[in-house]
Amino acid sequence: MRIVLGVAGGIAAYKAAHIIRRLRELDHSVKVVPTAHALDFVGAPTFEALSGQSVTTDVFDEVESVNHVRIGQEAELVIIAPATANILAKITAGIADDLLTATVLTTTAEVVVAPAMHTEMWLNPATQSNIATLRSRGVHVLDPAVGRLTGPDSGPGRLPEPEDIIDFALSAKDGSTPGGLSGRRIVISAGGTREALDPVRFLGNRSSGKQGIALAKAAHAAGADVELVAANIDSGLLTGLPENIAITPVESTLELQAAMRTAQPNADALIMAAAVADYRPVEATDSKMKKTGDEGLTLRLTQNPDILRGLVDERVGTQLIVGFAAETGDRATSALDYATAKFDRKGVDLLVFNDVSDDRAFGHDDTAVQIIASVDGQTKVGEEFHGTKDHVSQKVIAALTDQFAHVESTT
Ligand code: CTP
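Following the working numbering, the numbering of the sequence shown begins with 401 at its first residue and continues without gaps.
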């Protein structure tokens, strides 16, 4: 495929080199169109050597080949990574004062932008309004990742990893992910529930909520109307999520269950990514528990409801229900066998299984999952996907999109 890679002037411009190399490995032709400022960060020879094509920034270069319209007309896909606040503002306004902006204005190909900038610039209403306008025109926007920025600061604004950008862009081109969920309402639970023991203590788990947040972003990027039911997620992780993702904060399992049940009647799909406490104290005390002495403390616990099972029992029409299973194997049974048994037991449409035998899941950025699905009454175990939680989430959302298509074709 003929891909134009626009590179704007930001420190993350160096990641464009990895994007070019990977796209070439996938047999695509890559025409790099940097802005003049991008060349302050990475030199033209790097882009030329990696892409095997000449690099110019100006509409007055190579005038005889009418570059400013030809490149856009010939492109089958345009990716801008990194996209600065400035380039986003220019393409929103339709400004065409260099080769990249002229290319964007002339192309009829899908345009994908991967913004990267400081958190303040990303959250600025001007940028957010430009992003909303671009999305409304069908431009595919990959939300920035949350993490370390150029300086010591950290927050939303980081350029996603090259693999994630490529996956997102290629699915934008084939229409399988971005836009594939438009008109669908997806409710996602994330984080970990906490069960109060007293006003200051709780029983909880180590789930950060990163996986559920990545899913919410992927579903949103695919055009869905998203509600995130957030169980005890650090506010720093929620900052910078697209504004139209509705966030419902909850603490305990019973609160999470109530929020999911409230959301269920209007949802096209429910995804239970939250780590749910299986037990809660029989009663929480109103005042702080005091030490009782050397004889130790016995807590009386009662089992929590299985929220996922309840959602399956109350399924509305052809609503899809997705569960997660973090499993460890033992001598007799593999982690995957436990997950497959859970898939059958829970009655879900998709189960996202990850093997946590080697402690890879909680709080880490990388993960590996297999998606178990029921296709025409048969249980199918998908191949294993490795990568960032963003990358894996795109795969889960693509599987969900496929499942919607499958259900529609059989009903
Ligand atoms: N889940 C749920 N309600 C619970 C426990 C889990 O909805 N009380 C959901 C989780 O969000 C996840 C799926 O069920 O999507 C599997 O979670 P897991 O803890 O692996 O399942 P359990 O039913 O607790 O299974 P196990 O018997 O292995 O503890």
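Glycine included, each C-beta is placed from N, C-alpha and C at the ideal position.
Just so we're clear, the structure is a prediction, and the values are computed from it rather than from any experiment.
- [ ] Compute the Euclidean distance between the alpha carbons of V407 and H437, then round it to the nearest angstrom.
- [x] 9 angstroms
TODO: Would you list, in sequence order, the uninterrupted alpha helix (DSSP H) runs of no fewer than 4 residues that lie entirely inside the region 506 to 572?
DONE: 519 to 523 and 525 to 536
TODO: Look at the Cβ atom of I491, then the Cβ atom of L534, and state whether they are nearer than 8 angstroms.
DONE: yes
Open item on the list: In this structure, how does DSSP classify N467 when only helix, strand and coil are distinguished?
Closed with: helix
- [ ] Let me know the secondary structure DSSP gives V807 once reduced to three states.
- [x] helix
TODO: Check whether the region 626 to 638 touches the region 710 to 720, taking contact to mean three or more Cβ pairs, one atom from each stretch, closer than 8 angstroms.
DONE: no
TODO: With hydrogens ignored, establish whether the beta-carbon of N704 is closer than 7 angstroms to any heavy atom of the ligand CTP.
DONE: yes
Open item on the list: For Q803 and V676, what's the separation of their Cα atoms in angstroms?
Closed with: 25 angstroms
- [ ] Below 7 angstroms CB to CB, which residues in the same chain sit around R421 once its five sequence neighbours on both sides are set aside?
- [x] L450
TODO: Determine the direct distance from the alpha carbon of S687 to that of K795, and round the result to whole angstroms.
DONE: 46 angstroms
Task: Between the CA atoms of D543 and A417 - distance to the nearest angstrom - done: 20 angstroms
Open item on the list: Does the beta-carbon of F724, which I'm using as the reference point, lie nearer than 7 angstroms to any heavy atom of the ligand CTP?
Closed with: yes
Open item on the list: For a quick check, are the C-beta atoms of N704 and D678 less than 8 angstroms apart?
Closed with: yes
- [ ] Please classify D625: is it buried, with 16 or more other beta-carbons within 10 angstroms of its beta-carbon, or exposed?
- [x] buried
Task: Own chain partners of A572 with C-beta closer than 6 angstroms, once the 5 adjacent residues on each side are dropped - done: E510, V512, H540 and P578
TODO: Keeping to the same chain, check which residues put their C-beta closer than 8 angstroms to that of A799; ignore five residues upstream and five downstream.
DONE: L750, I771, A773 and G782
Task: Straight-line Cα distance separating A739 from T733 - done: 10 angstroms
TODO: Go through its chain and collect everything with a Cβ distance to S809's Cβ below 6 angstroms, but skip five positions before and after it.
DONE: none
Open item on the list: Closest to L439 by C-alpha separation, out of T779, V455, V478 and R585, would be which residue?
Closed with: V455
Task: Of the listed residues A483, N486, A516 and V466, nearest to L499 (C-alpha basis) - done: V466
Task: Option nearest R601 by Cα separation, candidates G612, E651 and L570 - done: E651
Open item on the list: For M660 and I721, which I take to be in contact (beta-carbon distance under 8 angstroms), what is that distance rounded to the nearest angstrom?
Closed with: The Cβ separation is near 10 angstroms, so there is no contact.
TODO: Determine the direct distance from the alpha carbon of T718 to that of D477, and round the result to whole angstroms.
DONE: Note on identity: in this sequence residue 477 is Leu, with Asp being the wrong assignment. Their Cα atoms are separated by approximately 34 angstroms.
Task: Beta-carbon proximity check, R402 vs S429, cutoff 8 angstroms - done: yes
Task: M672: first and last residue of the uninterrupted beta strand (DSSP E) it sits in - done: A669 to M672
Open item on the list: Less than 8 angstroms between the beta carbons of G604 and A674, yes or no?
Closed with: no
- [ ] Answer yes or no: the CB of T653 versus the heavy atoms of the ligand CTP, is any distance below 7 angstroms?
- [x] yes
Open item on the list: Suppose contacts are defined by Cβ-Cβ distances below 8 angstroms. Is V792 in contact with V769 by that definition?
Closed with: yes
Open item on the list: Give me the residue from T503, L697, T788 and V716 with the minimum Cα distance to D668.
Closed with: V716
Task: For N666, three-class secondary structure by DSSP - done: helix
Open item on the list: Is V792 a contact residue of the ligand CTP, with contact defined as CB to any heavy atom under 7 angstroms?
Closed with: no
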